[in-house]
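Before any comments, here is the structure.
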Amino acid sequence: MKTLVKYLVTLIITSFAITPAFAQGYKVGDEATDFKLKNIDDKIVSLGDFKDAKGFIVIFTCNHCPYAVAYEDRIIALDKKYKTLGYPVIAINPNDPEVQPQDSFELMKQRAKSKGFTYPYLIDEGQKIYPQYGAQKTPHVYILKKDGKKNIVKYIGAIDNNYKNATDADQKYVESALDALLKGREPEVKSTVAIGCTIKTR
Amino acid sequence: MFSRLLNSELAINNLVYLIVMNKNHNNLSVLYLLFIRMKYKKILPALGLLVYLFAGTGCSFSSKTDKIEEISIVNFEQLEPEFTKTDNVLYVVNFWATWCAPCVKELPDFMAVNSEFSNSDHFRMILVSLDDSDKLDGPVKKFIQEKNLKGVDLYLLDDIKRMNEWIPAVDSSWSGSIPATLFIRNGKSLKFVPNAIEKDELRKIILELKI
């Protein structure tokens, strides 16, 4: 019995010790990397291109995930509202189209056209960017605020607290965080979690 | 001729017995069968067959042919006590959804591994669907039937507005991506895997955690 307890304790400690190795990516306060990713208009987009922006709403999202689809209209609304205030939406599809054919570059173009996306919809070719951010699912939002040449992570998580019904969402996490940042304050809620689709890799 | 009749009689007796055994809650049909048995002894075989066929097409026998495992809609306060009991049972709690491709892919492996351990009193698998509750009676139940999800406890967690509360309560490192599987005993989380698990890996984890 004693050895069993020892074994279990070791196992628990090990499992805790291993966890941080998987939990890569940014925390609030970290500097986020810029990138050069291909947009649906075949042009390369970087955060550095947006000279007048105060920051960014970087959203890892895709075509196939029902949660991502449920938020499309809200993402368009966020972009329309906050782009003029200095925080444009930058959407990035992190999925490998080989694994998830619905998320191919061609179908991204089609989806953006039919839905009338007002923001860049980039493909993370080679899947190099999403792991640096630590995105784990779609949709997964990172709000960045410019600080000189740096982009500092200010919020990580969900858009609001009701994927199913936008009008019944009574906690609009992203809007609240942006409103705080625009007033020169730190967001009250800096990170949230929500169910989403795993990022598809080979 | 006589012996053939006797055989039919025996068959009917067996039939009555079968119905009693299988449908002990449907007493009325049994009584009815006994009643007609007494009254119309001569045409009994034919009548018996009719009753049997009728029962087969109706709901009486459906539990035998196309029974769907029960699934209840719960909020997190109702779900949590189901896997945090202090009963020395290793609960394998898998969070899935019908729209989640990797979840759908791994479920047959989970069912196979479940059948290997389900004889143990110290093992229980719980499948928690995160589908839209509006889809329970349609796609979710259809999926459960088609994929033959049996011998496990099934729940649909309908608590979407409080994801930011119950996701960290399941595991503090969980971002909310599915599939995700929690291994927990006596309310103590032993392992949490926020990814798909292959059959051999799942078996290995259970063996490592089992008393």
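Chains as they are written, first to last, in my numbering: chain E, 158 to 359; chain L, 383 to 593. Every residue, glycine too, gets a C-beta built ideally from N, C-alpha and C. Everything numeric in this text was worked out from a predicted model, so none of it was measured.
Check the Cβ-Cβ distances between MET493(L) and every residue of chain E, and say whether any is below 9 Å.
-> Output row for MET493(L): interface = no.
Three-state secondary structure assigned by DSSP to VAL346(E) | Coil at VAL346(E), not helix or strand.
So what's ALA326(E) in DSSP terms, helix, strand or just coil?
-> Note: ALA326(E) maps to coil in three-state DSSP.
Report yes if the CB atom of LYS204(E) is closer than 9 Å to the CB atom of LEU339(E), and no otherwise.
-> Residue identity check: residue 204(E) is Leu in the sequence provided, not Lys. Not in contact: LEU204(E) and LEU339(E) (Cβ atoms no closer than 9 Å).
Contact list for GLN293(E) against chain L, beta-carbon separation under 7 Å | Per Cβ cutoff of 7 Å: SER557, SER559.
Verify whether the separation of the beta carbon atoms of PHE499(L) and ILE587(L) is less than 9 Å.
-> Going by beta carbons, PHE499(L) and ILE587(L) fall outside the 9 Å limit.
Mind checking whether LEU584(L) and ARG567(L) have CB atoms under 9 Å apart?
-> No, the Cβ-Cβ distance between LEU584(L) and ARG567(L) is not below 9 Å.
Anyone know if the C-beta pair for PHE262(E) and GLU229(E) falls short of 9 Å?
-> No, the Cβ-Cβ distance between PHE262(E) and GLU229(E) is not below 9 Å.
Of all the CB atoms in chain E, is at least one closer than 9 Å to the CB of ASN457(L)?
-> Any Cβ of chain E closer than 9 Å to the Cβ of ASN457(L) would place that residue at the interface, and such an atom is absent.
If you drop the 5 nearest sequence neighbours on each side, which residues of the same chain put their C-beta closer than 6 Å to that of ASN318(E)?
-> The residues are ALA326, GLN328.
On a CA-only basis, which of ASN470(L), SER515(L), GLU452(L), ALA578(L) is nearest ARG506(L)? Give me that one, please.
-> Of the listed residues, the one whose Cα sits closest to ARG506(L) is ASN470(L).
Locate the alpha helix (DSSP H) running through ASP199(E), then write down its first and last residues.
-> From DSSP, ASP199(E) is part of no alpha helix (DSSP H); its letter is neither H nor E.
Out of LYS347(E), GLU332(E), ILE356(E), TYR276(E), point me to the one whose CA is closest to ASP187(E)'s CA.
-> For ASP187(E), the nearest C-alpha among the options comes from LYS347(E).
Residue from ILE286(E), GLU332(E), THR358(E) whose Cα sits closest to the Cα of LYS237(E) | Looking at the Cα atoms, GLU332(E) is the closest of the given residues.
Using the Cα positions of THR295(E) and ILE249(E), report the straight-line distance between them to the nearest angstrom.
-> Taking the straight line from one Cα to the other gives about 10 Å.
So, helix, strand or coil for ASN308(E), using DSSP?
-> DSSP places ASN308(E) in strand when its eight states are reduced to three.
CA-CA distance, GLU464(L) and ARG231(E)?
-> Taking the straight line joining both Cα atoms gives about 36 Å.
Please list, in chain order, all residues of the same chain as TYR239(E) whose beta carbon is under 6 Å from its beta carbon, the five residues on each side excluded.
-> Only LEU335 meet the Cβ criterion.
What's the C-alpha gap between ASN501(L) and LYS532(L)?
-> Near 13 Å, if we compare the C-alpha coordinates of LYS532(L) and ASN501(L).
Would you call PRO576(L) buried or exposed, if buried means 16 or more other Cβ atoms sit within 10 Å of its Cβ?
-> With 16 or more other Cβ atoms within 10 Å, it is buried.
Validate contact between the region 517-527 of chain L and the region 541-552 of chain L using beta carbons, cut 8 Å, 3 pairs = No contact exists between the region 517-527 of chain L and the region 541-552 of chain L.
Kindly indicate which three-state DSSP category LEU512(L) falls into: helix, strand or coil?
-> LEU512(L) carries a coil assignment under DSSP once its states are collapsed to helix, strand and coil.
What residue range is occupied by the uninterrupted alpha helix (DSSP H) comprising LEU548(L)?
-> First, the amino acid is wrong: residue 548(L) is Trp here, not Leu. The continuous alpha helix (DSSP H) containing TRP548(L) extends over residues 545-552.
ALA578(L), buried or exposed, once every other Cβ within 10 Å from all chains shown has been counted against 16 = With 16 or more other CB atoms across the displayed protein chains lying within 10 angstroms of its CB, ALA578(L) is buried.
Can you find a C-beta in chain E that's less than 9 Å from the C-beta of ASN546(L)?
-> It does; some Cβ of chain E falls within 9 Å.
Contact check, GLN181(E) vs GLY291(E) under 8 Å by CB: the rounded distance?
-> That belief holds up - the Cβ atoms of GLN181(E) and GLY291(E) are roughly 5 Å apart, short of 8 Å.
Name the residues in the region 320-337 of chain E whose C-beta lies less than 7 Å from a C-beta of chain L; which are they?
-> Going along the region 320-337 of chain E in chain order, one finds TYR320, LYS321 with a Cβ nearer than 7 Å to chain L.
Excluding five sequence neighbours on each side, which residues of the same chain lie with their C-beta closer than 6 Å to the C-beta of LEU536(L)?
-> In chain order, GLU451, ILE453, LEU509 place their CB closer than 6 Å to the CB of LEU536(L), counting only its own chain and leaving out the 5 sequence neighbours on each side.
If you follow the beta strand (DSSP E) that ARG567(L) is part of, which residue opens it and which one closes it?
-> Residues 562-567.
In its own chain, which residues sit with a C-beta less than 8 Å from the C-beta of ASP491(L), not counting the 5 before and 5 after it?
-> Hits under 8 Å: ILE579, GLU580, LYS581, LEU584.
Of the listed residues ASP199(E), LYS208(E), VAL226(E), nearest to LYS306(E) (C-alpha basis) | Closest in alpha carbon position to LYS306(E), among ASP199(E), LYS208(E), VAL226(E), is LYS208(E).
Give, in chain order, every unbroken run of the alpha helix (DSSP H) that is at least 4 residues long and sits entirely within the region 464-550 of chain L.
-> DSSP runs (the alpha helix (DSSP H)) wholly in the region 464-550 of chain L: 483-499, 523-528.
My guess is that GLU245(E) and PHE217(E) are in contact by the Cβ rule of under 8 Å, so how many angstroms apart are they, rounded?
-> At residue 245(E) the sequence reads Pro, which differs from the Glu that was named. At roughly 16 Å, the Cβ-Cβ gap does not stay under 8 Å, so PRO245(E) and PHE217(E) are not in contact.
Between which two residues does the alpha helix (DSSP H) harbouring LYS581(L) extend?
-> In the DSSP assignment, LYS581(L) falls within the alpha helix (DSSP H) that extends over 581-591.
Cα-Cα, which of THR563(L), TYR473(L), ILE549(L), LYS570(L) is closest to PHE458(L)?
-> PHE458(L) has its Cα closest to that of ILE549(L), out of THR563(L), TYR473(L), ILE549(L), LYS570(L).
Could you tell me which residues DSSP puts in a beta bridge with TYR278(E)?
-> DSSP lists ALA248(E) as the beta-bridge partner residues of TYR278(E).
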